[in-house]
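**Q** Residues in the sequence shown are numbered from 156 upward in steps of one, following the numbering used here.
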Amino acid sequence: MTTVRNVIATFVLSAILVAMCPVLTVYAQPNLKHKIDSLFIIASSGEVQYRDQNEPAMDAIAALGAPAVPYLIDKFTTKSARERWTVIWILQRIGSAAVPDLVKALGGDDPLVVRRIAWALGDIKDTASV
156 MTTVRNVIAT
166 FVLSAILVAM
176 CPVLTVYAQP
186 NLKHKIDSLF
196 IIASSGEVQY
206 RDQNEPAMDA
216 IAALGAPAVP
226 YLIDKFTTKS
236 ARERWTVIWI
246 LQRIGSAAVP
256 DLVKALGGDD
266 PLVVRRIAWA
276 LGDIKDTASV
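Here you go:
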């Protein structure tokens, strides 16, 4: 009898978790954005106190891979050259995984952002972007 209860409980718990997956994904996105923003502040900082943390912060964002790309594309609107170069360096580290989102973003409305995305694609040197 206990085994049947355990099987039923496991089944019910699994069904609840499957039903919650889309909700958990939605709530995970703001945390990812916050993490990327926090790391990006350090990665793009020119302050002496963050000098030794720039590279590790860029590597940490790059380690997130393709999920980080949409947030990085949004950063191309910045007026700061340092931040734009930081975005390009991170996208280079992400490499080919960044290409699909970057190619989609080429259809954007802002010609300056589109030019920066094209530059990043050229630096990644992936033939899939051609």
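In this text, a Cβ means the ideal position worked out from N, Cα and C, and glycines have one as well.
Going by beta carbon distance, what residues of the same chain come within less than 7 Å of G233, once the five residues before and after it are set aside?
**A** Checking the sequence, you will find Thr at residue 233 rather than Gly. Correct list, in chain order: R239.
**Q** According to the Cβ coordinates, are G201 and R237 closer than 8 Å?
**A** For G201 and R237, yes; Cβs fall inside 8 Å.
**Q** What number of angstroms, rounded off, separates the C-alpha of G263 from the C-alpha of V269?
**A** One C-alpha to the other measures close to 6 Å.
**Q** How is the alpha helix (DSSP H) around R271 delimited, first residue to last?
**A** Per DSSP, R271 belongs to the alpha helix (DSSP H) from 266–279.
**Q** Please confirm whether I245 and D278 have their CB atoms less than 8 Å apart.
**A** No; because the gap between Cβ atoms is not below 8 Å, this pair is not in contact.
**Q** Look up S235 in the DSSP assignment and say whether it is helix, strand or coil.
**A** Coil.
**Q** What first and last residue would you give for the alpha helix (DSSP H) that runs through E210?
**A** Where E210 is concerned, the enclosing alpha helix (DSSP H) stretches over 209–219.
**Q** Whose C-alpha, out of Q204, P255, A218, is nearest the C-alpha of I228?
**A** Checked all of Q204, P255, A218; the closest Cα to I228 is P255.
**Q** Note down the Cα distance separating D192 from T282, rounded to an integer number of angstroms.
**A** Rounded to whole angstroms, D192 to T282 spans 30 Å at the Cα level.
**Q** Which of the three DSSP states is assigned to S193 in this structure?
**A** Looking at S193 - three-state DSSP - the assignment turns out to be helix.
**Q** Please classify V152: does DSSP put it in a helix, a strand, or coil?
**A** This structure cannot settle anything about residue 152, because the visible part of the chain is limited to 156 through 285.
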